[in-house]
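Novice: Per UniProt numbering, the very first residue in the sequence shown carries number 1; after that it's consecutive.
Right, I'll just put the structure down here and ask away after.
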Amino acid sequence: MWQCPLCQQSLQLTDKFWHCENNHTFDKAKSGYVNLLPVQNKNSRQPGDDKVMLTARKDFHSTAGYAPLMAELAACIHKETLHKSAVCLFETGCGEGAYVRYLRQALSAHKVSLTTSANDIAKVGVERAAKADKESQYVVASSYHLPLQSESQDVLLEVFAPGDHAEYARVMKPDGVMITVDPGPEHLFELKQHIYTHPQKHEISAPDSEALTMKAQQHVKFSLDLHDDKRRTGLLGMTPLYWKLQPEKREALAEALQQVTADFVIRTWCKPS
Numbered sequence: 001m002w003q004c005p006l007c008q009q010s011l012q013l014t015d016k017f018w019h020c021e022n023n024h025t026f027d028k029a030k031s032g033y034v035n036l037l038p039v040q041n042k043n044s045r046q047p048g049d050d051k052v053m054l055t056a057r058k059d060f061h062s063t064a065g066y067a068p069l070m071a072e073l074a075a076c077i078h079k080e081t082l083h084k085s086a087v088c089l090f091e092t093g094c095g096e097g098a099y100v101r102y103l104r105q106a107l108s109a110h111k112v113s114l115t116t117s118a119n120d121i122a123k124v125g126v127e128r129a130a131k132a133d134k135e136s137q138y139v140v141a142s143s144y145h146l147p148l149q150s151e152s153q154d155v156l157l158e159v160f161a162p163g164d165h166a167e168y169a170r171v172m173k174p175d176g177v178m179i180t181v182d183p184g185p186e187h188l189f190e191l192k193q194h195i196y197t198h199p200q201k202h203e204i205s206a207p208d209s210e211a212l213t214m215k216a217q218q219h220v221k222f223s224l225d226l227h228d229d230k231r232r233t234g235l236l237g238m239t240p241l242y243w244k245l246q247p248e249k250r251e252a253l254a255e256a257l258q259q260v261t262a263d264f265v266i267r268t269w270c271k272p273s
């Protein structure tokens, strides 16, 4: 299912390295991930989320803060793949891998042959994901140039991550689906109320897409209790808005915020018939 990011030829896998017929070779790290991000596809020296934000995400997800969202994603994927005995699931922009780990465990309960893999442009996130999950394959790669063979994936997942629908359509099987998660209107609205004088709700208009057709849309909304210090500091730390505040305002916000609304829009996309 993997292809060389330099020449798009099929990659042959070994325990220590991956290579293509044009002798492009990519070493497999001790933790299990493979770096498939060519220098020319980097936007900066260290692209993607930094260690602080990734640590915050890890801490937050360790408290199962978004468990209702993850459970709904598992149910949605199960529904879309009921007719299949084997499923290839790939997450784009996986960060430290919390969603892949959850979905692998949840979907395995249905006794389907499941192959899980993911990418992120942030090397530190992929390394942490690989260390925590030896059953899935993680790669450092751009979501705009996925190192995947065409029509190789049954399910693609994108949670709050940038990407390209044309590239997603390329790697999806003819009957595959793409599932995206975006903020709902009231997502973290209480946090905005502490920061802005006139906070605005998120707009939920679906992005225009010539490559994919939206087949379903649903909302998941719940109240998120933040009395647990690890959950609260993790949520704040993984929110870019929080880091734009002055240190004293961040400290005051962390003390004041005890509950927020988690609001998500889940969309299911397919290839045009």
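Ideal Cβ placement from N, Cα and C applies to all residues, glycine included.
Can you list, in chain order, the residues of its chain with a C-beta nearer than 6 angstroms to that of T115? Leave out the 5 residues immediately preceding and following it.
Specialist: C88
Novice: Got a sec, what are the start and stop residues for the alpha helix (DSSP H) Q105 sits in?
Specialist: 98-108
Novice: L82: which of L191, G176, R231 sits nearest, CA to CA?
Specialist: The shortest CA-to-CA distance from L82 to any of L191, G176, R231 is the one to G176.
Novice: Rounded to whole angstroms, what's the CA-CA distance from R267 to N23? Just pull it up for me.
Specialist: 40 angstroms
Novice: Cα separation between F264 and H145?
Specialist: 27 angstroms
Novice: Cutting at 8 angstroms between CB atoms, please list the residues of its own chain near L226, excluding the five before and the five after it.
Specialist: Closer than 8 angstroms at Cβ, skipping near neighbours: R232, L235, L257, Q258, Q259, V260.
Novice: Give me the Cα-Cα distance between E21 and S150, rounded to the nearest whole angstrom.
Specialist: 18 angstroms
Novice: Roughly how many angstroms separate the alpha carbons of I77 and A262, rounded to a whole number?
Specialist: 21 angstroms
Novice: Spatial neighbours of Y102 within its chain, please: CB distance less than 6 angstroms, with the 5 preceding and 5 following residues excluded, ordered by chain position.
Specialist: M70
Novice: Please state whether the Cβ-Cβ distance between K134 and G32 is less than 8 angstroms.
Specialist: A contact, by the Cβ cut-off of 8 angstroms.
Novice: Which of the three DSSP states, helix, strand or coil, is assigned to C76?
Specialist: helix
Novice: Contact check, M238 vs R128 under 8 angstroms by CB: the rounded distance?
Specialist: Between R128 and M238 the Cβ distance is about 13 angstroms, and since that is not below 8 angstroms, they are no contact.
Novice: Taking DSSP as the reference, what is the three-state secondary structure of K201?
Specialist: Secondary structure at K201: coil, using DSSP grouped into helix, strand and coil.
Novice: From V181, L148, P185, A161, pick the residue whose C-alpha is nearest to that of A169; which is it?
Specialist: L148
Novice: Counting pairs of Cβ atoms below 8 angstroms between the stretch 157-164 and the stretch 136-143, do you hit three or more?
Specialist: yes
Novice: DSSP on I121, reduced to helix/strand/coil?
Specialist: coil
Novice: For the candidate residues I179, L245, A64, K201, whose alpha-carbon lies nearest to that of M214?
Specialist: When each option's Cα is compared against that of M214, the closest is I179.
Novice: Does the distance from the CB of L157 to the CB of Y196 come in under 8 angstroms?
Specialist: no
Novice: Count the other CB atoms within 10 Å of the CB of S136; is the residue buried (16 or more) or exposed (fewer)?
Specialist: buried
Novice: With a 10 Å radius around its C-beta and 16 neighbouring C-beta atoms as the bar for buried, classify D50 as buried or exposed.
Specialist: exposed
Novice: Once DSSP output is grouped into helix, strand and coil, what is the label at H19?
Specialist: strand
Novice: Take N35 and list the residues in its own chain whose beta-carbon comes closer than 6 angstroms to its own, dropping the five residues that flank it on each side.
Specialist: V140
Novice: Report all residues from its chain with a CB closer than 7 angstroms to the CB of H202; omit the five preceding and five following residues, and keep chain order.
Specialist: P183, G184, P185, H187
Novice: Taking the continuous alpha helix (DSSP H) assigned at Y33, which residues delimit it?
Specialist: Segment: none, Y33 is in no alpha helix (DSSP H) and carries neither H nor E.
Novice: Where do the ends of the alpha helix (DSSP H) carrying M178 lie?
Specialist: Run containing M178: none in the alpha helix (DSSP H); it sits in the beta strand (DSSP E), 172-183.
Novice: Taking DSSP's pairing of strands, which residues face L13 in a bridge?
Specialist: Answer by DSSP bridge pairing, in chain order: W18.
Novice: Verify whether the separation of the beta carbon atoms of E96 and G125 is less than 8 angstroms.
Specialist: yes
Novice: Pick from G93, D120, Y66, D154: whose alpha carbon is nearest that of M1?
Specialist: D154
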